[in-house]
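Read the structure below first, then the notes.
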Amino acid sequence: MDESKLAERRAALLHAGALVSRSITSILDLDTLLHRTVDIICIAFDFYYAGVFLLDETGEWAVLRAGRGEAGAALVAEGHKLQVGGRSMIGAATGRNKALIALDVGNEPVHFKNQYLPLTRSEMALPLSAGDRVIGALTVQSVEEAAFSEDDITVLQGMADQLAVAIQNARLYAENMRLLEQATRRARLLMAAADVGKNVTSILDLDELLHKTVDIICDAYGFYYAGVFLLDETAEWAVLRAGRGEAGAAMVAEGHKLRVGGQSMIGSAIAQRHARIALDVGEEAVFFKNPHLPMTRSEMALPLVVGEEVIGAVTVQSEQEAAFSDEDISSLQAMADQLAVALHNAHLLRALEAAHAELVRTKTFEAVATATTEAIHWIGNKALPITVSVQRLREDVASLSGVEAEIVESMQEDLTLIEASARLIILVKEHLIGPAREYIPAPAMIEDVVKDTAQVMGIAPEAIHFTVAPNLPLAVADTTQLSRAFRYVLQNALEATEDLLTPRIDVEVDLVEEKEMRYVVTRIGDNGPGVNDADLDKIWASFYTTRGAKHAGLGLPACLQILRQLDGKVRARRRPEGGMVFELYVPAYIGQATHGPADLPAGKRFLLVDDDDVWSRFVEQTLTEGQNTVTHVVDAAAVEDFAAFDIIVVDDVLATTDSLTVLQQIARAGAAAKTVVVASSVRVERMMDLLRFGVRDVLPKPYTPAGLVERLRA
Amino acid sequence: MKEDVKVLLVDDEKLVLRSIEKSLVRAGFDVEAVDDVTAALALFKETAASDAPFDIAILDLNMPNFEGYVDPTAGLQLLSKLLETQPGFPVIVLTAFDEVERAKDAVRRGARAYFVKGREADLIALVERIIQA
């Protein structure tokens, strides 16, 4: 080629190069840039083919990203790639960062014969570099043999460098756009989170909150589905409490629940306390395929955490694959945290409302009980004279003369009816007034109180069986009131078993702990017919009875009232083997006896008249430790000289005799004034009977050394 | 004999008052029934100086007191005033069936006995026993 033609060709190449450069530098989309580049190069230079390779992420392969014409399109579609540093022209150019020319490609050892480009006779491979770094290569091919000279390299390499800059610009632009989009998306998610937060925190009704929440989430984020699960009482199951749309309603109605720590996204998000993402749920091992939500392609499960406590989880689902990124977790978790606080607040409010309702119920019950008590007291007082009036009328009727016997008999019958009605009214009054009056709690041996009660009631020893746990603590109770409660329950048991061939009452005294409280519990069971489940709740209501008209139905309500007054509780249940069992819980005594045996009288001679039981053993031991002598007898028949004792203590309840008989003997011997009678349950009339013998005092039984000191000083 | 025994009966419950009065009268006692503590004290003081003083008093505990307010200790207050006027005077107090401590309080203040309302048949025997003692 002569000088002028050479100069002309170089000028044409430079012109074409400048044209290409100008055309491509303003293209910011990488694909457009590359495709336009290969077209412009071929048109400007009149080349058969041009193609742009870019290195992949590993830097090991040069991948064809754009090629001229159908051949180029076919090669791109095939994923045509050449190894960097390999035997191809492109491989060598990218490997060495150096342009290569093959003037007759058949002779060029590194050239890869390409079936799509059969006409190529010359090829130039130009590395594309950003600084020192190779980012790809440009191939230009001609149908002419020896189409390129070494001189052309400078011109075409200049154009390739421009292309490399344009590629870098397009890449930077794309990266900037990606970052911008990411920032925009994050801002949108945070805004949605704020929206959800703002909307849910003002809802205090739990059900409304749950249902609105799923709608708010779906609307704010444009999700296909959202659902809120809350832990059940056992904390083993997450129960769906609200779900979006018909699918949600159907699942809530089904009682849809997932096991915490189980295979589901929700189960594992709660157990692990962090968000789970399944981008294509088909691939996610822990995802529970849900027939109600067939369109779900991405799911995120976010734990609902308040402080240290997980209260449930929220699921959000999208129809798009890969709808969530790890970066979305923070904004969605922010939303879930707001939701958790709102749910927690609603929970607290509900608990507060429940507590308030309970308080109102209790106060109402108390008010009703008080009003009833006042009313019945009033009525009872009015009825008091009736029985006495009846008694006088009876005497008058008996003394009537000249009246037909039939009429007298009829009058007597009417008087009996009136008297029975009046007695029932008085009985009602005494039952209802009883628990409210003169409540004096003190440490007590429950075993002694229940045994005394059974004995006073005259229950045959063979019909009642006691089981007492060893080393029971004392309980705090007014024993007179507690004895009354035992009496009501034992009376029920007696009546329930009265028609049985082998009636049996079991009394078990035991220690139980409930909610950090210790109770001495007395279980009184019988083998009677029991109470129907339907009636079980009603038995505590005043005037309810399953036993016909002769019962006022006041025993159990009075029992309930007494146990409440004692800060205890009472429960009734059917025994699996038949019959009923009533459990009376009395708070265990946690204090210490303040006076030990040192405060007791010392060197005195005591006569203790009592059965050999838990109380008499306690008294004997305490007095003996206090350097007193104690003579313990079960009745006074064998006592020859009452004068030999300084103090006589008599238990009002004795198994083998009546304490009145004992007191008679004592009074006869002139020893009443040094006698103290103790009783686990004291009633006015009984006390009157006892005091009639001139005894020093009648006192509630002491169950601590301190109590004993106090009684003996009285 | 019993007609010579003069009983002061005090209870604000008029039906109870009349009923007990009838029982006592029927048993032969001379009864003055009064339904408030102020009138009862005045009557007691008046008769104490006369030649026909009361031999025994039967008092309810829960009544309007000397200020006119219902007070569970009104009977006890009257009891104390009667005994101030006449130390050792026999008094029986009427109580509800379970008022153990109040009943004992009455005895500590000097009552001879206490009696549960509604069982007046036994009251006659109690009055007789105290009068004879």
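For the protein sequence lines, the chains are A and B, in the order given. First residue of the first sequence: 1, per this note's numbering; consecutive thereafter. First residue of the second sequence: 1001, per this note's numbering; consecutive thereafter. Built from N, CA and C at the ideal position, the CB exists for glycine as well. All values derive from a computational prediction rather than experimental measurement.
Each residue's CA atom was taken as its position, placing Phe1115(B) and Ile1092(B) some 7 Å apart. If you check the CB distance, Val581(A) and Arg573(A) come in under 7 Å. Using a Cβ-Cβ cut-off of 7 Å, Thr1095(B) counts as an interface residue toward chain A, since at least one Cβ of chain A sits closer than that to its own.
Counting every other CB atom within 10 Å of its CB across the protein chains shown gives Pro1090(B) a total of 16 or more, marking it as buried. Flagged as an interface residue toward chain A: Leu1015(B), by a C-beta distance shorter than 7 Å. With fewer than three CB-CB distances shorter than 8 Å, the segment 1038-1047 of chain B does not count as touching the segment 401-415 of chain A. Using a Cβ-Cβ distance cut-off of 8 Å, the segment 1004-1013 of chain B and the segment 1055-1064 of chain B are in contact, since at least three pairs of beta carbons, one from each stretch, lie closer than that value. In this structure, Ala1103(B) keeps its C-beta atom at 7 Å or more from the C-beta atom of Val614(A). Counted as a single uninterrupted DSSP element, the alpha helix (DSSP H) harbouring Tyr488(A) occupies residues 479-497. Within its own chain, the residues whose Cβ lies closer than 6 Å to the Cβ of Leu103(A), once the five positions on either side in sequence are excluded, are Ser122, Ala146, listed in chain order. Between the alpha carbons of Pro700(A) and Ser616(A) lies a gap of roughly 14 Å. With the criterion set as a beta carbon lying under 9 Å from some beta carbon of chain B, the members of the segment 684-698 of chain A are Val684, Glu685, Met687, Met688, Leu691, Arg692, Asp697, Val698, in sequence order.
Scanning chain B for C-beta atoms nearer than 7 Å to the C-beta of Val650(A) yields nothing, as the closest lies near 18 Å away. Positions of the alpha helix (DSSP H) runs, each at least 4 residues long and wholly inside the segment 1028-1055 of chain B, are given as 1037-1048 in order along the chain.
Residues of chain A whose Cβ lies closer than 7 Å to the Cβ of Val1025(B) do not exist; the shortest such Cβ separation is about 10 Å.
Looking from the CA of Gly1088(B), the closest CA among Asp1030(B), Glu1032(B), Arg1112(B), Arg1119(B) belongs to Arg1112(B). Its Cα nearest to that of Asp506(A), the residue Arg523(A) stands out among Arg523(A), Glu299(A), Ala92(A), Glu516(A). Bridge pairing for Gly525(A): Asp506(A), Val581(A) [DSSP].
The way I'd put it, the segment 481-488 of chain A does touch the segment 448-458 of chain A; three or more beta-carbon pairs between them come closer than 8 Å.
Residue environment: Ile446(A) is assigned as buried (16 or more neighbouring CB atoms within 10 Å of its CB, all protein chains considered). Straight-line measurement puts the Cα of Val678(A) at about 26 Å from the Cα of Arg1129(B).
Of all residues in the segment 519-535 of chain A, none has a C-beta nearer than 8 Å to a C-beta of chain B.
Boundaries of the alpha helix (DSSP H) harbouring Ser23(A): 3-25, taken from the DSSP string. Its chain contains Phe642, Ala643, Phe645, Ile648 as the residues whose beta carbon lies nearer than 8 Å to that of Ala671(A), once the 5 sequence neighbours on both sides are disregarded; these appear in chain order. As DSSP reads the structure, Tyr1069(B) sits in no beta bridge. Going by DSSP, Thr296(A) is part of no alpha helix (DSSP H) at all; its letter is neither H nor E. Inter-residue distance for Leu1123(B) and Ile425(A) is about 21 Å (C-alpha atoms, whole angstroms). Going by DSSP, His211(A) is part of the alpha helix (DSSP H) stretching over 206-221. A straight-line Cα-Cα distance of about 13 Å links Asp510(A) and Asp448(A). Cβ atoms of Leu1059(B) and Leu1079(B) come within 8 Å of each other, at about 6 Å.
Taking the C-beta atoms as reference points, Val698(A) is found no nearer than 7 Å to Met688(A). A direct Cα-to-Cα measurement between Asn381(A) and Val662(A) gives close to 35 Å.
Scanning the segment 582-658 of chain A for uninterrupted beta strand (DSSP E) segments of 3 residues or longer gives 605-609, 629-633, 647-651, listed from N- to C-terminal end. For the C-beta of Glu1120(B), the chain A residues within less than 7 Å are, from N- to C-terminus, Val388.
Checking the DSSP bridge columns, you'll see Gly227(A) partnered with Gly243(A), Thr315(A).
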